[in-house]
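Have a look at the structure below, then the notes.
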Amino acid sequence: MFTPQYVVISLDHQARQAGYAAGLDGRANTSPPELDDLACSSGYIEGKAHWQDFD
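In terms of the numbering used here, the sequence shown opens at residue 1403 and continues consecutively.
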């Protein structure tokens, strides 16, 4: 029997929120060096989608 495997990724909330705010404001996706790039980019994509009314 096949057992599904899952990958769990924890995102830094502060970095995600910073990316979300940038995407929501229509700013460029520039992640500060002190923030996690993956979390910031994830938030940016979601914020930009919200900004463009894709939510």
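Ideal placement from N, C-alpha and C gives every residue a C-beta, glycine not left out. Because the structure is a prediction, the values reported are computed rather than measured.
{"Check": "Taking only the alpha-carbon atoms, compute the straight-line gap between leucine 1437 and glycine 1421 and give it to the nearest angstrom.", "Outcome": "10 angstroms"}
{"Check": "Go to glycine 1449, then tell me how far its alpha helix (DSSP H) extends in each direction, as first and last residue.", "Outcome": "1439-1453"}
{"Check": "From the DSSP output, in three-state form, read off phenylalanine 1418 for me.", "Outcome": "According to the sequence shown, residue 1418 is arginine rather than phenylalanine. Correct three-state label for arginine 1418: helix."}
{"Check": "Could you give the DSSP three-state label for glycine 1425: helix, strand or coil?", "Outcome": "helix"}
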